[in-house]
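Number 113 in my numbering belongs to position 98 of the sequence shown; there are no gaps in the numbering. Written out below as structure tokens is the structure these notes cover.
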Amino acid sequence: MQTQRKKLARITFNSPVVLCFVFICVAVQATSTLTGGMTTHALFSSRSVSLADPLSFFCLVSYIFGHAGWDHLIGNMSYILLLGPLLEEKYGSVRLMGIMLASALAGSIANLALLHTGVVGASGVVFTFILLSSITGLRDGEVPLTFILVAVLYLGQQLYGAFFVRENISYLGHIAGGVVGGVVGFIMPAKQQSTSGYGIL
16 MQTQRKKLAR
26 ITFNSPVVLC
36 FVFICVAVQA
46 TSTLTGGMTT
56 HALFSSRSVS
66 LADPLSFFCL
76 VSYIFGHAGW
86 DHLIGNMSYI
96 LLLGPLLEEK
106 YGSVRLMGIM
116 LASALAGSIA
126 NLALLHTGVV
136 GASGVVFTFI
146 LLSSITGLRD
156 GEVPLTFILV
166 AVLYLGQQLY
176 GAFFVRENIS
186 YLGHIAGGVV
196 GGVVGFIMPA
206 KQQSTSGYGI
216 L
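And the structure:
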């Protein structure tokens with residue numbers, strides 16, 4: 016009697032939006048390293064929008080792919096790889112892309128409008144994911160205690176940093192991302208499961 020061979024585990028592309036985002040960020044940082052930061056400054060950092068500078072509109076979103084260095088990149092990608100796949104499974108790939116886009120726009124517009132400064136990095140997306148992931152199993156008329164605690168801890172820390180700490184950190188972008196995550200968590204339902212077992216975007 017032949018023993019059945021165990022199937023070897025295979026690597027799956029389980030979270031396409033999150034994985035593609037991470038790969039693009041790594042490629043952008045590698046290119047930035049080779050060019051002495053010129054590509055990040057030109058294409059992946061937000062700045063005041065101007066009709067004379069069409070790329071400035073692109074940079075309102077593209078800045079989330081650029082980072083100030085490898086440490087900055089690794090820190091953000093660690094959170095995104097940890098939280099992103101769970102959120103992509105919950106909300107679907109298309110919705111998660113929309114959430115990330117909203118977070119990017121909120122962060123860049125907030126910084127340009129209130130501080131008149133540009134921003135670089137995916138930290139705002141990270142804060143969106145943190146707040147959004149704290150809202151699980153939401154029911155009508157209920158506010159999860161986990162959401163309240165996360166909001167107090169993370170957003171409170173960012174508010175303190177924005178007013179009392181003088182560092183080259185976009186606290187306002189973090190706050191904007193967290194607000195997007197909180198709002199989306201309350202107004203956007205998770206994707207429904209069809210009877211066939213497949214998710215519906």
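Each residue gets a CB set at the ideal place from its N, CA and C atoms; glycine is no exception.
query: Close beta carbons around T161, own chain, < 7 Å, minus the five adjacent residues each side; result: S149
query: Neighbour-count burial assignment, Q173, 16 or more Cβ in a 10 Å radius; result: buried
query: Simplified DSSP assignment, three categories, for S65; result: strand
query: Alpha-carbon spacing of I215 relative to K206, whole angstroms; result: Only weak support exists for where I215 lies, its pLDDT of 38 falling under 50; the value from the coordinates is given anyway. Taking the straight line from one Cα to the other gives about 6 Å.
query: DSSP-derived helix/strand/coil call for K105; result: helix
query: Opening and closing residue of the alpha helix (DSSP H) in which A57 lies; result: 53-58
query: Reference V37, options A191, L58, M115, closest by Cα; result: M115
query: Proximity winner among I184, T50, G200, relative to A166 (alpha-carbon distances); result: G200
query: At least three beta-carbon pairs within less than 8 Å, the region 59-68 to the region 96-108; result: no
query: Environment of M53 [buried if 16+ CB atoms lie within 10 Å]; result: exposed
query: Terminal residues of the alpha helix (DSSP H) in which P31 lies; result: 31-49
query: Exposed unless 16 or more other CB atoms sit within 10 angstroms - verdict on I253; result: The structure shown does not extend to residue 253, since the chain is modelled only from 16 through 216, so no value can be given for it.
query: G51, buried or exposed, once every other Cβ within 10 Å from all chains shown has been counted against 16; result: exposed
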